[in-house]
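Below you'll find the structure, written out as structure tokens, and then a few comments.
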Amino acid sequence: MRANNVLGIIYASTYDQSLPELTNMRTMGSVPFGGRYRLIDFPLSNMVNSGISKVGVITKSNYRSLMDHLGTGKPWDLSRKREGMFILPPFNSAEDSGGLFANRIDALVGCASFISSSTNEYVLLCDCNTICNIDINLLFDAHEQSGADITAAYCHGTVPALNNTMTFDLDSDGRIKEIAISSVGGEEGNYSLNVFLLKKSLLERLISQAASMHYTDFERDLIQANVGVLKICGYKTEGFVVTLDSLKSFYDANMALLDLNNRSELFCRKRPVYTKVRDEVPAIYGLGAAVKNSLVADGCKIEGTVENSILFRGVTIGKDAVVKNSIIMQGAYIGSGATLNSVIMDKISIIKPDKSLCGTNTFPVYVGKGIVV
22 MRANNVLGII
32 YASTYDQSLP
42 ELTNMRTMGS
52 VPFGGRYRLI
62 DFPLSNMVNS
72 GISKVGVITK
82 SNYRSLMDHL
92 GTGKPWDLSR
102 KREGMFILPP
112 FNSAEDSGGL
122 FANRIDALVG
132 CASFISSSTN
142 EYVLLCDCNT
152 ICNIDINLLF
162 DAHEQSGADI
172 TAAYCHGTVP
182 ALNNTMTFDL
192 DSDGRIKEIA
202 ISSVGGEEGN
212 YSLNVFLLKK
222 SLLERLISQA
232 ASMHYTDFER
242 DLIQANVGVL
252 KICGYKTEGF
262 VVTLDSLKSF
272 YDANMALLDL
282 NNRSELFCRK
292 RPVYTKVRDE
302 VPAIYGLGAA
312 VKNSLVADGC
322 KIEGTVENSI
332 LFRGVTIGKD
342 AVVKNSIIMQ
352 GAYIGSGATL
362 NSVIMDKISI
372 IKPDKSLCGT
382 NTFPVYVGKG
392 IVV
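So the sequence shown is numbered by my numbering: it starts at 22 and just counts up by one.
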């Protein structure tokens with residue numbers, strides 16, 4: 022595989038603040054998605070499907086659930102004697118008065134020794150809040166053919182409302198001529214997926230420069246500022262691509278999986294998405310169960326009505342309960358006669374019998390982890 026000389030770096034905590042409800046007790050990388058996955062499964066699977074065998078996962082805080090999910094990396098074939106997967110927690114020297122890194126540059130400076138010790142020639146940087154299935158080998162080919170110093174993956178669509186979102190203006194050869202940075206979003210454009218491929222030697226030089234100049238902004242100081250200095254090219258990503266910037270975008274991304282075409286693009290057979298394996302019994306459907314246009318994971322017990330919803334593992338739907346247009350996460354319990362519409366229930370939360378919760382598709386109701394209603 023062509024990308025087997027690439028070191029993978031995944032930021033597990035970037036943009037945690039964009040999903041405060043879901044990242045209150047977990048990091049962005051461990052946010053559940055699609056009935057059985059976590060967000061980190063997508064960049065991690067993209068890497069291993071392309072032959073990348075050494076991956077560093079940069080963590081910041083609330084990463085216990087992330088470590089539990091990743092384990093030794095066995096589901097991704099990264100449990101190895103040589104190379105494999107490495108968890109990179111915040112690193113601070115005895116002189117540091119702070120605790121956690123403040124930005125991407127701090128994170129890279131903290132794991133500089135991990136990067137320098139790698140024998141790989143290239144480095145691939147990724148975030149966890151973008152859900153897509155990219156063939157990294159094609160990105161690598163485009164990088165080599167263009168002779169670029171840095172290749173940045175982008176998508177044409179509605180720009181997400183995230184801090185420091187980059188939009189690209191490209192010439193006919195795919196070279197980025199201009200970069201605009203915004204935190205508003207909403208307009209149409211070529212927006213960055215924060216997937217960057219570059220040589221390790223160049224990244225080390227940029228990290229050293231950033232540390233010596235006390236740079237704090239990766240997008241402005243290292244990417245935008247070097248548009249006229251380095252050859253930075255874009256790689257357009259097609260298919261199902263979603264960048265999460267709010268609870269509504271998370272809801273919409275999950276609901277989009279109810280469309281077979283979207284599922285086929287995201288979970289294609291050639292590039293499967295791997296996740297932690299949990300041995301569960303198949304879903305149990307009671308005599309009064311009625312399920313329509315829904316994704317139901319193993320271990321569920323359904324005795325009520327479920328429509329246009331996503332049920333994670335181990336969910337219980339009581340007798341005569343009605344669940345519509347909702348996302349019910351692992352281990353949640355919905356009592357008999359309860360009614361839910363446009364609700365996001367976090368793990369092990371409980372809805373008591375005959376209770377009713379109704380949101381809208383533009384403003385879904387969120388029930389926190391372990392909350393009893």
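Each residue gets a CB set at the ideal place from its N, CA and C atoms; glycine is no exception.
No experiment lies behind these values; they were computed from the predicted model shown.
How about the stretch 364-379 and the stretch 334-350: do they share at least three Cβ pairs that are nearer than 8 Å? Put simply, the stretch 364-379 touches the stretch 334-350. At least three CB pairs are less than 8 Å apart.
Nearest-angstrom Cα distance between Cys289 and Ile136? Rounded to the nearest angstrom, the gap between the Cα atoms of Cys289 and Ile136 is 31 Å.
Assuming Ser213 is part of the alpha helix (DSSP H), what are its boundary residues? Unbroken run through Ser213 is the beta strand (DSSP E), 209-220; no alpha helix (DSSP H).
Burial state of Ser118 (16 or more Cβ within 10 Å): In this predicted model, Ser118 has a pLDDT of only 44, less than 50, meaning its place in the structure is not dependable; the value taken from the coordinates is given anyway. With fewer than 16 other Cβ atoms from the protein chains shown falling within 10 Å of its own Cβ, Ser118 counts as exposed.
To the nearest angstrom, report how far apart Arg299 and Gly335 are at their CA atoms. So the alpha carbons of these two residues sit roughly 11 Å apart.
Decide if the stretch 181-194 is in contact with the stretch 220-227; the criterion is three or more beta carbon pairs, one per stretch, under 8 Å apart. They do not touch, by the three-pair rule.
Suppose you measure from the CA of Ile331 to the CA of Gly391; what does that come to, to the nearest Å? Their Cα atoms are separated by approximately 18 Å.
So, are the CB atoms of Leu28 and Ser139 less than 8 Å apart? Cβ atoms of Leu28 and Ser139: closer than 8 Å.
Please specify which runs of the beta strand (DSSP E), each continuous and at least 3 residues long, are wholly inside the stretch 191-274, giving them in chain order. Taking only runs of at least 3 residues, the beta strand (DSSP E) segments lying wholly in the stretch 191-274 are 197-203, 209-220, 253-257.
Taking the alpha-carbon positions, what's the Ser114 to Val130 distance? The pLDDT assigned to Ser114 is 49, lower than 50, so where the model puts this residue is not dependable, and the model offers no usable value.
Taking C-alpha atoms, which residue in Asn158, Ala182, Ala231 lies nearest to Glu209? The option with the nearest alpha carbon to Glu209 is Ala182.
Which residue comes first and which comes last in the beta strand (DSSP E) that contains Val343? Note, Val343: beta strand (DSSP E), 343-345.
Is it the case that the Cβ atoms of Pro374 and Gly356 are separated by a distance below 8 Å? A Cβ-Cβ contact shorter than 8 Å links Pro374 with Gly356.
Can you tell me whether Lys95 is helix, strand or coil according to DSSP? Under the three-state reduction of DSSP output, Lys95 falls in the helix class.
Limits of the beta strand (DSSP E) - the one that Asn395 falls within: Nothing about residue 395 can be reported from this structure: the residues present for the chain run from 22 to 394 only.
Which partner residues does Ile323 have in the DSSP bridge list? According to DSSP, Ile323 bridges with Tyr306, Ile338.
For Ala133, name the three-state secondary structure that DSSP assigns. In the structure shown, Ala133 sits in a helix (DSSP, three-state: H, G or I).
Backbone CA spacing between Gly380 and Leu145 [nearest angstrom]: Rounded to the nearest angstrom, the two C-alpha atoms are 40 Å apart.
So is the beta-carbon of Asp127 under 7 Å away from any non-hydrogen atom of the ligand ADP? Judged by which ligands are present, the structure shown has none, so any question about the ligand ADP falls away.
Please report the distance separating the alpha-carbon of Leu378 from that of Val386. One C-alpha to the other measures close to 7 Å.
Just the Cα atoms here: how many angstroms apart are Leu218 and Glu142? It is roughly 11 Å from the alpha-carbon of Leu218 to the alpha-carbon of Glu142.
If you scan the stretch 160-189 from start to end, which runs of the beta strand (DSSP E) of 3 or more residues do you find wholly inside it? List check, beta strand (DSSP E) in window: 171-179.
What are the start and end residues of each continuous alpha helix (DSSP H) run of 4 or more residues lying completely inside the stretch 27-101, in chain order? Secondary structure in the stretch 27-101: the alpha helix (DSSP H) runs of 4 residues or longer, each lying completely within the stretch, are 62-70, 85-91 in chain order.
Could you please give the first and the last residue of the uninterrupted alpha helix (DSSP H) stretch that includes Ser285? Run containing Ser285: 281-287, per the alpha helix (DSSP H) assignment.
Quick check on the burial criterion: 16 or more other C-beta atoms within 10 angstroms. Buried or exposed for Ile126? Around the Cβ of Ile126, a 10 Å sphere holds 16 or more other Cβ atoms; the residue is buried.
Identity of the residue in Asn70, Asp62, Ala359 nearest Gly92 by Cα: With distances taken between Cα atoms, Gly92 lies closest to Asp62.
Closest by C-alpha distance to Lys257, when choosing among Ile108, Tyr354, Phe161: Closest by C-alpha distance to Lys257, out of Ile108, Tyr354, Phe161, is Phe161.
Of the residues Lys269, Phe261, Cys147, which one's Cα is nearest the Cα of Pro41? Comparing alpha-carbon positions, the option among Lys269, Phe261, Cys147 lying closest to Pro41 turns out to be Lys269.
Excluding the 5 residues preceding and the 5 following Tyr354 in the sequence, name in chain order all residues of the same chain whose CB lies nearer than 6 Å to its CB. Non-local beta-carbon contacts of Tyr354 in its own chain, meaning distances under 6 Å to residues more than five positions away in sequence, involve Thr337, Ile371 in chain order.
If contacts are defined as beta-carbon pairs under 8 Å, then Ile79 and Cys132 qualify, I think. What distance do you get, rounded to the angstrom? The pair is a contact, with the Cβ atoms about 6 Å apart (cut-off 8 Å).
According to DSSP, is Thr366 part of a helix, a strand, or is it coil? Note on residue identity: the sequence assigns Met, not Thr, to residue 366. Reduced to three states, the DSSP call for Met366 is strand.
Quick test of your reading: Trp97 and Tyr295, contact by CB under 8 Å. State the CB separation rounded to the nearest angstrom. The Cβ separation is near 5 Å, so the contact holds.
Let's test the definition: count the other Cβ atoms within 10 Å of the Cβ of Pro111 and tell me whether it reaches 16, buried, or not, exposed. Using a 10 angstroms sphere on the CB of Pro111, the tally of other CB atoms reaches 16 or more, which defines it as buried.
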